[in-house]
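**Student:** Questions regarding the structure given below will be posed in turn.
Numbering (full-length UniProt numbering), first residue to last: 1 to 1115.
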């Protein structure tokens, strides 16, 4: 049995904001965010947030708490992970790095981990750091020298077992340290109690606070001096306790308070957000009297301030609103109300695509170009579909309707920038002027009598030396002045006495050299004299008609391709002699000679073919062409335009799927990077370069219907489009022939319906959407209390159908006792759904999968194979005319099965308790038989099939596992086991794994196999490695661990180690997995450190750099 090796890497980092705090971390006002496994620092600009630092954390963040050491002008930050590692980090101004001041573990060998989450607080007087991780125990770290030195940690006994929240009261440094705890007793009543912390005796002593609070109290906030005391927040009230005796309360809106943020340093005002999305200002006077005023709404109700959300007041009225279940926002509080009476102005919506409950990959219909990922994201009213693709974006400045455009050229004179537009029978020239940093103004040149060439189409137009512009038409070559657009020298004819039947087919120029291809199969070389005259130097007959050409004076090369034969020729200058030839798989329509990078970088010849692909050749020192590399871009003919963007040479590929080709970002090696541009159908392109202040990377893009002026992004990034549903999407499936998406959604009913006992609080729907426009085509409501739980697209008895599984979730049932299995026929022309087959079952249908011509489904603890029956369904099963599903065979042996994946005649079942079972279908009986199972207990949350005997599994402890069956084993017992052959702690809860990729097809050493989506909004990629690749990358990983220190001193090997039940089970080192996030950090190291890593693994630095750079392209 071959061991499967997996490469796991983050494609899109987590977007959920799990923690947020405002502090002076770098010496200025900072917003510090925790995004599950990442630590970010932002600075506030005039109207936006600027990212200052973004670092990975080798662990899942559980606590992020800033504090200000005494006599320090900067804040330090305490972070604690779910594996009970803690650290204190600070910003070092001298090195401009984040450094670790202290680190350790608050784990104990005995004790029960708390069910209410970890808590960590620093005494405001900087005398103690306290952490609560185990019921009845408080881990205490003494602090000295104003909170900058850390003593030995020890435990204190805490009588309260069910601690809900805790904080330290603000007291005078001479007074005892006072800890305030909110806890729940055995009768589910909640109380507030205070303790003084005796560090010498290592004991907690009861203090003056001890009284009951509301049963829904969930948050406490200590008030700064001189007020002192604390705020207690519950669902119906906010209470201010001054000294444990005096208290003042105010009634809330009735919705649970989910976020609190302090506005003023003295604690006189707080921002409060409830679960209905309302925003309040809480004011506290010096006596403790409180007042609550609503100032507006933020985002959608029941979303923004859901569990673990945050409110962070930055400065000058700016507030950051973070959430794990909806988009984050940057808002500004205004002094005057708007038209709706609110004091809230939304400045920016920051996309948050978590939690991802399901995904679908939409491949291009022609199987070429880049795929799109559609995710089911968000919860409740903020639910949405997100369409995600990776590539270069274009910031559009303006768009003009222009039809019939054939070609675009950009030229520059001493005082202006011009855009030359070529049409079938004319040429238009417009002057571009800068109006603002993101706005251009165009004025057309109308002097057609003085410039007669404007009445002809232009084949080529470009800059020459000495502020002159060459323009080639089908009948002439002219050199014009950049300021006047009048011919220089002679009348611009190519040569005297040119036969009227001879026309120019193609033209290119470089510096002073012009190359023409004529319709008599002649290739001519011309040059421009100092007086602007055109001189012919050489010509040569061609045996075939030329389809495209390019010239480069610097390299002294000409490249041509012909219509009648699929080949490319490389010619030398100045004699136009053939140097080398190479065959092409299809006719070339465009060709370019390009050098990506510095003078020593290799030269490339790129050929854009008529079938939508690009073939690249590298040129050696002897001007010989290398073996070709082909990349399929689209399906339409390709046009290539070299240009410089953000200081790097690139080639824009114009076709139905626009693309950029450039050197690798690292600049190492000879491989080219192919990056999609997130546009549709670009026929021609021209870069627009102007005077200082012109937008960087400004381009003009022509399409069949318009011309767009905009700027290209500097780097490849994810582009996310939100399609609001106002309902929570739960499952999704795609039907390519009809271009439709079926989505199972859940809508929360309004309060009026909820108050009526006979109405369910939720309503679920089956919705059909267009996969391009996301227009809702059809909506089918499910029955009361019926929830959509599974969906798949398949062909059933020759019909294209969507299979839908449901479960009735009754309020008085812990486990669903009824459900339905339905098949909806797809009308591709009308794009409508029609119920074709259904069956009621005794349990919820939680997974469905096409299998052996039928439908495989899990019903609670039962696996059933359904067939479409010939007879109509009974009245109990459905409406008249609807066929029924018949159960052919079934198998009982699970606890609660939620996942299915088929592979040929085999399938695997994921269970909440019994991990994974491999089963087979025996058609002779018929029966479903168990072949092998994983003997360990895992709560499976997602799974996929790698091959017939290998499977990848995610469990609820944020791990990935690889299971394999040894089919060659001699013993039956060995063949009946699924062995765990790979373990890896991902640190993310995976909800969906889909086979596919979002990258443009390239010749890569490692091809991505799966995309996975998580609750935190992370999107990851897995790929299989060969044994040699794994051996090399495993050595690289080991070397990098010694060079790259984790944030807070957390060890990478511990952060990736497998642990099934955190805090209880054994920690097993990761094996047969490679952490791509760590591997690709190699690309950011300086050359000396790269050389050290290469020396450790015994590979040349350039070779190692090239291999890792190619790996980075899989996402």
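For each residue, glycine too, the CB sits at the ideal point set by N, CA and C.
Looking at the structure shown, is residue 211 part of a helix, part of a strand, or coil, going by DSSP?
**Tutor:** On the chain shown, position 211 is the one that residue 211 refers to. It is a strand residue.
**Student:** Check whether the region 787-803 touches the region 698-714, counting contact only when three or more Cβ pairs, one atom from each stretch, lie closer than 8 Å.
**Tutor:** Judged by Cβ distances under 8 Å, the region 787-803 makes no contact with the region 698-714, as fewer than three pairs qualify.
**Student:** Under the rule that 16 or more other beta-carbon atoms within 10 Å means buried, what is residue 15, buried or exposed?
**Tutor:** Reading the chain shown from its first residue, position 15 is the one you call residue 15. So residue 15 counts as buried.
**Student:** Given that a residue counts as buried once 16 or more other Cβ atoms are within 10 Å of its Cβ, and exposed if not, what is residue 1115?
**Tutor:** In the chain shown, the residue the question calls residue 1115 occupies position 1115. Answer is buried; the Cβ neighbour count reaches 16.
**Student:** Taking only the alpha-carbon atoms, compute the straight-line gap between residue 612 and residue 722 and give it to the nearest angstrom.
**Tutor:** Indexing the chain shown from 1 puts residue 612 at position 612. Indexing the chain shown from 1 puts residue 722 at position 722. When rounded, the distance between both Cα atoms is 30 Å.
**Student:** Which one of 1036, 108 and 262 has the shortest CA to CA distance from residue 1099?
**Tutor:** As a working note, residue 1099 is residue 1099 in the chain shown. Residue 1036 is the option with its Cα nearest to residue 1099.
**Student:** What does the Cβ neighbour count give for residue 316, buried or exposed, with the cut at 16 atoms within 10 Å?
**Tutor:** As a first step, residue 316 must be located in the chain shown, where it is residue number 316. Counting Cβ neighbours within 10 Å, residue 316 comes out exposed, since fewer than 16 surround it.
**Student:** Check each candidate in 431, 243, 236 and 261 and name the one with the smallest Cα separation from residue 255.
**Tutor:** Here residue 255 refers to the residue found at position 255 when the chain shown is read from its first residue. Residue 236 is the option with its Cα nearest to residue 255.
**Student:** Using beta-carbon positions only, say whether residue 733 and residue 791 come within less than 9 Å of one another.
**Tutor:** On the chain shown, residue 733 is found 733 positions in, with the first residue counted as 1. On the chain shown, residue 791 is found 791 positions in, with the first residue counted as 1. For residue 733 and residue 791, yes; Cβs fall inside 9 Å.
**Student:** Check each candidate in 227, 199 and 233 and name the one with the smallest Cα separation from residue 213.
**Tutor:** Start at 1 with the first residue of the chain shown, and residue 213 comes out as number 213. Answer by Cα proximity: 233.
**Student:** Can you tell me whether DSSP reads residue 881 as helix, strand or coil?
**Tutor:** Position 881 of the chain shown holds residue 881. DSSP places residue 881 in coil when its eight states are reduced to three.
**Student:** State the start and end residues of the unbroken alpha helix (DSSP H) segment that holds residue 133.
**Tutor:** Walking along the chain shown from the start, residue 133 turns up at place 133. Per DSSP, residue 133 belongs to no alpha helix (DSSP H) and is neither H nor E.
**Student:** For residue 188, which residues in the same chain have their Cβ closer than 8 Å to its Cβ, ignoring the five residues on either side in sequence?
**Tutor:** Within the chain shown, numbered from 1, the residue matching residue 188 stands at position 188. The answer, listed in chain order, is 215.
**Student:** Quick one: using the 10 Å Cβ neighbour count with 16 as the cut-off for buried, is residue 913 buried or exposed?
**Tutor:** Position 913 of the chain shown holds residue 913. It counts as exposed.
**Student:** Looking only at C-alpha atoms, which of 22, 35 and 30 sits nearest to residue 1014?
**Tutor:** Counted from its first residue, the chain shown places residue 1014 at position 1014. Out of 22, 35 and 30, 35 has the C-alpha closest to the C-alpha of residue 1014.
**Student:** Hey, would you say residue 382 sits closer than 9 Å to residue 327, going by beta carbons?
**Tutor:** As a first step, residue 382 must be located in the chain shown, where it is residue number 382. As a first step, residue 327 must be located in the chain shown, where it is residue number 327. Closer than 9 Å, so yes.
**Student:** Between residue 118 and residue 80, which are expected to be in contact by the criterion C-beta below 8 Å, what is the C-beta distance as a whole number of angstroms?
**Tutor:** Counted from its first residue, the chain shown places residue 118 at position 118. Counted from its first residue, the chain shown places residue 80 at position 80. The pair is a contact, with the Cβ atoms about 6 Å apart (cut-off 8 Å).
**Student:** Roughly how many angstroms lie between the CA atoms of residue 676 and residue 525, to the nearest whole one?
**Tutor:** Taking the chain shown and counting its residues from 1, one reaches residue 676 at position 676. Taking the chain shown and counting its residues from 1, one reaches residue 525 at position 525. Approximately 36 Å, taken between the alpha carbons.
**Student:** Could you give the DSSP three-state label for residue 736: helix, strand or coil?
**Tutor:** On the chain shown, position 736 is the one that residue 736 refers to. Coil.
**Student:** What first and last residue would you give for the beta strand (DSSP E) that runs through residue 1056?
**Tutor:** Within the chain shown, the letter at position 1056 stands for residue 1056. Looking at the DSSP string, residue 1056 is not in any beta strand (DSSP E), and its letter there is neither H nor E.
**Student:** Using the C-alpha atoms, what's the distance from residue 126 back to residue 69?
**Tutor:** Sequence index remark: in the chain shown, residue 69 carries index 69 (1-based). Sequence index remark: in the chain shown, residue 126 carries index 126 (1-based). Computed Cα separation, rounded: 6 Å.
**Student:** According to DSSP, is residue 994 part of a helix, a strand, or is it coil?
**Tutor:** If you number the chain shown from 1, residue 994 lands on position 994. In the structure shown, residue 994 sits in a strand (DSSP, three-state: E or B).
**Student:** Do you know how far the Cα of residue 803 is from the Cα of residue 975?
**Tutor:** Taking the first residue of the chain shown as 1, we reach residue 975 at position 975. Taking the first residue of the chain shown as 1, we reach residue 803 at position 803. Answer to the nearest angstrom: the Cα atoms are 33 Å apart.
**Student:** Quick one: grab the DSSP three-state call for residue 455.
**Tutor:** Counting from one through the chain shown, the residue named residue 455 turns up at place 455. If DSSP states are grouped into helix, strand and coil, residue 455 belongs with the helices.
**Student:** Please classify residue 502: is it buried, with 16 or more other beta-carbons within 10 angstroms of its beta-carbon, or exposed?
**Tutor:** Translated into positions along the chain shown, residue 502 becomes position 502. Its Cβ having fewer than 16 others within 10 Å, residue 502 is exposed.
**Student:** Do residue 934 and residue 963 have their C-beta atoms closer together than 9 Å?
**Tutor:** Residue numbering aside, residue 934 sits at position 934 when the chain shown is read from its first letter. Residue numbering aside, residue 963 sits at position 963 when the chain shown is read from its first letter. Yes, Cβ-Cβ distance for residue 934 and residue 963 is below 9 Å.
**Student:** Around the C-beta of residue 65, are 16 or more other C-beta atoms found within 10 angstroms, so that it is buried, or is it exposed?
**Tutor:** As a working mapping, residue 65 is identified with position 65 in the chain shown. Residue 65 comes out buried.
**Student:** Taking its Cβ as the centre, do 16 or more other Cβ atoms sit within 10 Å of residue 647, making it buried, or is it exposed?
**Tutor:** To locate residue 647, count along the chain shown from 1; it is residue 647. So residue 647 ends up on the exposed side.
**Student:** Looking at the strands, I want to know which residues DSSP matches up with residue 150.
**Tutor:** In the chain shown, residue 150 corresponds to position 150, counting from 1. DSSP output for residue 150 lists 143 as bridge partner(s).
**Student:** Can you name, in chain order, every residue of its own chain whose Cβ lies under 8 Å from the Cβ of residue 762, other than the five neighbours on each side?
**Tutor:** Stepping through the chain shown from its first residue, residue 762 is reached at position 762. Counting only Cβ-Cβ distances below 8 Å, and skipping sequence neighbours, we find 746, 747, 748, 749 and 787.
**Student:** Span of the alpha helix (DSSP H) holding residue 1042?
**Tutor:** As a working note, residue 1042 is residue 1042 in the chain shown. 1027-1043 is the span of the alpha helix (DSSP H), which, as asked, contains residue 1042.
**Student:** From the DSSP output, which residues share a beta bridge with residue 614?
**Tutor:** Sequence index remark: in the chain shown, residue 614 carries index 614 (1-based). According to DSSP, residue 614 bridges with 608 and 631.
**Student:** Between residue 139 and residue 183, what straight-line distance do the alpha-carbon atoms span, to the nearest angstrom?
**Tutor:** Here residue 139 corresponds to residue number 139 of the chain shown, with the count starting at 1. Here residue 183 corresponds to residue number 183 of the chain shown, with the count starting at 1. Each residue's Cα considered, the two are about 17 Å apart.
**Student:** Spatial neighbours of residue 774 within its chain, please: C-beta separation below 7 Å, excluding the five flanking residues on both sides.
**Tutor:** As a position in the chain shown, residue 774 is number 774, starting the count at 1. Closer than 7 Å at Cβ, skipping near neighbours: 385 and 723.
**Student:** Looking at the strands, I want to know which residues DSSP matches up with residue 418.
**Tutor:** The residue you call residue 418 lines up with position 418 of the chain shown. For residue 418, which the question treats as bridged, DSSP gives the partners 411 and 431.
**Student:** Residues in the same chain with beta-carbon distance under 7 Å from residue 505, minus the five sequence neighbours each way, listed in chain order, please.
**Tutor:** Sequence index remark: in the chain shown, residue 505 carries index 505 (1-based). Same-chain partners within the cutoff: 517, 518, 519 and 546.
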